[in-house]
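These notes are about the structure you will find just below.
Number of protein chains: 2
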Amino acid sequence: MIDCGEGTQLLLKKHQVKISKIDQILISHLHGDHYFGLIGLLSTMHLFGREKELTLIAPPGLAEIISLQLKHSQTWLMYKINFVEWTPDEIELVFENQQITIHTIPMDHGVPCSGFLFKEKEKRRRIHREVFSDLNLSPLEISRLKNGEDLLNSDGSIKYENSKLTLDPHPRFSYAYCSDTKYNPGIVDQIKDVNLLYHESTFADDMEKRAHNTFHSTAKEAASIAKEANVGKLILGHFSARYRELDVILEEAKTVFPETELAIEGTKFEVSVNA
Amino acid sequence: MIDCGEGTQLLLKKHQVKISKIDQILISHLHGDHYFGLIGLLSTMHLFGREKELTLIAPPGLAEIISLQLKHSQTWLMYKINFVEWTPDEIELVFENQQITIHTIPMDHGVPCSGFLFKEKEKRRRIHREVFSDLNLSPLEISRLKNGEDLLNSDGSIKYENSKLTLDPHPRFSYAYCSDTKYNPGIVDQIKDVNLLYHESTFADDMEKRAHNTFHSTAKEAASIAKEANVGKLILGHFSARYRELDVILEEAKTVFPETELAIEGTKFEVSVNA
Numbered sequence: 000m001i002d003c004g005e006g007t008q009l010l011l012k013k014h015q016v017k018i019s020k021i022d023q024i025l026i027s028h029l030h031g032d033h034y035f036g037l038i039g040l041l042s043t044m045h046l047f048g049r050e051k052e053l054t055l056i057a058p059p060g061l062a063e064i065i066s067l068q069l070k071h072s073q074t075w076l077m078y079k080i081n082f083v084e085w086t087p088d089e090i091e092l093v094f095e096n097q098q099i100t101i102h103t104i105p106m107d108h109g110v111p112c113s114g115f116l117f118k119e120k121e122k123r124r125r126i127h128r129e130v131f132s133d134l135n136l137s138p139l140e141i142s143r144l145k146n147g148e149d150l151l152n153s154d155g156s157i158k159y160e161n162s163k164l165t166l167d168p169h170p171r172f173s174y175a176y177c178s179d180t181k182y183n184p185g186i187v188d189q190i191k192d193v194n195l196l197y198h199e200s201t202f203a204d205d206m207e208k209r210a211h212n213t214f215h216s217t218a219k220e221a222a223s224i225a226k227e228a229n230v231g232k233l234i235l236g237h238f239s240a241r242y243r244e245l246d247v248i249l250e251e252a253k254t255v256f257p258e259t260e261l262a263i264e265g266t267k268f269e270v271s272v273n274a
Numbered sequence: 000m001i002d003c004g005e006g007t008q009l010l011l012k013k014h015q016v017k018i019s020k021i022d023q024i025l026i027s028h029l030h031g032d033h034y035f036g037l038i039g040l041l042s043t044m045h046l047f048g049r050e051k052e053l054t055l056i057a058p059p060g061l062a063e064i065i066s067l068q069l070k071h072s073q074t075w076l077m078y079k080i081n082f083v084e085w086t087p088d089e090i091e092l093v094f095e096n097q098q099i100t101i102h103t104i105p106m107d108h109g110v111p112c113s114g115f116l117f118k119e120k121e122k123r124r125r126i127h128r129e130v131f132s133d134l135n136l137s138p139l140e141i142s143r144l145k146n147g148e149d150l151l152n153s154d155g156s157i158k159y160e161n162s163k164l165t166l167d168p169h170p171r172f173s174y175a176y177c178s179d180t181k182y183n184p185g186i187v188d189q190i191k192d193v194n195l196l197y198h199e200s201t202f203a204d205d206m207e208k209r210a211h212n213t214f215h216s217t218a219k220e221a222a223s224i225a226k227e228a229n230v231g232k233l234i235l236g237h238f239s240a241r242y243r244e245l246d247v248i249l250e251e252a253k254t255v256f257p258e259t260e261l262a263i264e265g266t267k268f269e270v271s272v273n274a
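Line by line, the protein sequences give chains A and B. In terms of numbering that gives the first Met the number 0, the first sequence opens at residue 0 and continues consecutively. In terms of numbering that gives the first Met the number 0, the second sequence opens at residue 0 and continues consecutively.
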């Protein structure tokens, strides 16, 4: 889960997300709309009897705040929190498992703030189902094929060419979450070619100055990041409450980058991953 | 406002309470359901441009938590917070203005925890409207009458007896808020004869042991406090989520103290104040 504003628990309930399934929480920065709901969620996990470790990928200061709140409520959590504190203004690997890596993306927001880049790891080649059963391959041979190797005879000559028996790996999905930040083309290199980019778009063009002064972005600026980085799809969010209708934000962004959608609460996005 | 759990801002909005009208917030203890919504409310007050001072009547530790959160969000509030930190296990005067006093009521809840006793101050006598205009009294004479004095002639003899020109003062309203606490008859003396008592009633009789172990009260225990203290009306709240229907809690309390109602969200209570 990324960020956790006040009331997140209500939204998780509303959208039927089981909190027991959340094992990593990433916090982008310590403005209230991004973390005031965290301590409540951590408490609820405790009350619900959670015992498995929770990883909290967090800015400097969050561990101190949480610890102080737990101290004063005399709560000793039944589960361990694994605090991973990222370093502001640096790109760091903050999480890795067999499938994915997560790196920080330095944001420009006046306070220590970080986006997150999710990348699927390199995948192995896939065995052609049609030839698989005929050849009676051993597990070792299958593993070699998946790694891209040819199968050899004992004299070293090629028995089966890899390309005849395998297909390219499934494509790797990548997602960049960028909130909150001033327009910052410095991130383009790092998020190049991601399938999906979430970028804050607090303001429309009419408030460009205010966007800069408050370290936020306009719709066009977000779209221009998406265009420069050649992303698959852009999702805009974090809209100022001044915009009752969001059409202006969507339309302005689309003039720069057509593949744009709005992050309206509860929306699910289908993203195609090109091979 | 007393206590401020997560989501309080949503409820204030729902019930059309203007947050600009809140000038004092009292926090009973540092369990999350009583204060996790506070930092968000304080931030919103700041964002809405509040400039007038806010009084925060709080347990030890809250000032430190709030300060740390403001520090890490690099927020400098546009208004001053006047922290009034109460001392656990003591009865203290924590607020006073021309109309009322507020004293702490020591609770028995495992962590530093305090209820609050609101008392209207002694009121002045009221001038009989019928006689008022006929007598052509001076402001000084009116003030003397309100203070219960007779009006004298210059030779010291009685010109008008006070009792002929005045009525008894309006009755003084008093309210005791007691949450969270184990059954604690030690508070009865302090809350004797209050017009209205809010007392937590987390459990019904079936969970009496659990109530004691978790420093909470049953409905009957709350009702027995109300009876012993001879209060005007008892309101029960802080129900465990295990009770989907609250009838059992209300009925059990009424066997001990009939003038009992449930604190269901949004309910307004009419309380008569006997002269």
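We treat Cβ as the ideally placed atom computed from N, Cα and C, and that holds for glycine.
In whole angstroms, give me the CA-to-CA distance for residue i and residue j.
| i | j | result |
| --- | --- | --- |
| F131(B) | K122(B) | 19 Å |
| I157(A) | I126(A) | 17 Å |
| I90(A) | Q189(A) | 9 Å |
| F202(B) | I18(B) | 32 Å |
| V93(B) | H215(B) | 25 Å |
| T217(A) | M206(A) | 8 Å |
| L166(A) | P58(A) | 42 Å |
| I26(A) | S178(A) | 10 Å |
| E5(B) | G36(A) | 8 Å |
| I248(A) | L144(A) | 49 Å |
| I21(B) | E50(B) | 12 Å |
| F172(B) | N229(B) | 14 Å |
| E250(B) | I234(B) | 13 Å |
| I224(B) | L164(B) | 41 Å |
| N135(A) | Y174(A) | 39 Å |
| T213(B) | S239(B) | 12 Å |
| Y176(A) | H30(B) | 33 Å |
| G114(B) | P111(A) | 39 Å |
Applying the 10 Å Cβ sphere with the 16-neighbour rule, what's the burial state of residue i?
| i | result |
| --- | --- |
| S72(B) | buried |
| I263(B) | exposed |
| G236(B) | buried |
| W75(A) | exposed |
| K219(B) | buried |
| E269(A) | exposed |
| D133(B) | exposed |
| N96(A) | exposed |
| L11(A) | buried |
Rank the options by C-alpha distance to the C-alpha of residue i and give the top, closest one.
| i | options | result |
| --- | --- | --- |
| V255(B) | D133(B), A221(B), K181(B), F268(B) | A221(B) |
| L55(A) | I24(A), T74(A), Q68(A) | I24(A) |
| E140(A) | N183(A), L67(A), Y159(A) | Y159(A) |
| Q8(A) | S178(A), S137(A), M44(A), L29(A) | M44(A) |
| D149(A) | N161(A), E95(A), T165(A) | N161(A) |
| S42(A) | M206(A), L69(A), E260(A) | L69(A) |
| K13(A) | V247(A), G265(A), N135(A) | G265(A) |
| E119(B) | D107(B), T100(B), P105(B) | T100(B) |
| K226(B) | V187(B), F238(B), Y176(B), A175(B) | V187(B) |
| H28(A) | I224(A), E95(A), T180(A), L249(A) | T180(A) |
| L61(B) | G109(B), I80(B), Q97(B) | I80(B) |
| P87(A) | M77(A), Q97(A), Y78(A), D107(A) | D107(A) |
| S66(A) | G48(A), V83(A), L245(A), I38(A) | I38(A) |
| H33(B) | S142(B), D2(B), Q98(B), S239(B) | D2(B) |
| E258(B) | L245(B), D204(B), R209(B), L196(B) | L196(B) |
| F117(B) | G109(B), P111(B), R124(B), T103(B) | T103(B) |
| E199(B) | K191(B), D192(B), N183(B), K208(B) | N183(B) |
| E63(A) | Y78(A), E84(A), L53(A) | E84(A) |
| D192(B) | M0(B), E52(B), Q97(B), S271(B) | S271(B) |
My output table needs one value for residue i: the three-state DSSP class, helix, strand or coil.
| i | result |
| --- | --- |
| A203(B) | coil |
| N229(A) | coil |
| V272(A) | coil |
| S216(A) | coil |
| K79(A) | coil |
| T7(B) | helix |
| K158(A) | strand |
| L245(B) | coil |
| E95(B) | strand |
| S173(A) | strand |
| I101(B) | strand |
| T254(A) | helix |
| I263(A) | coil |
| E63(A) | helix |
| G114(B) | strand |
- Item | beta strand (DSSP E) runs contained entirely in the region 10–47 of chain A, provided each spans 3 or more residues | Runs of the beta strand (DSSP E) lying entirely within the region 10–47 of chain A, each at least 3 residues long, are 23–25 in chain order.
- Inside the region 117–152 of chain B only - alpha helix (DSSP H) runs reaching at least 4 residues: At a cut-off of 4 residues, the continuous stretches assigned as alpha helix (DSSP H) that sit fully inside the region 117–152 of chain B are 128–134, 138–145.
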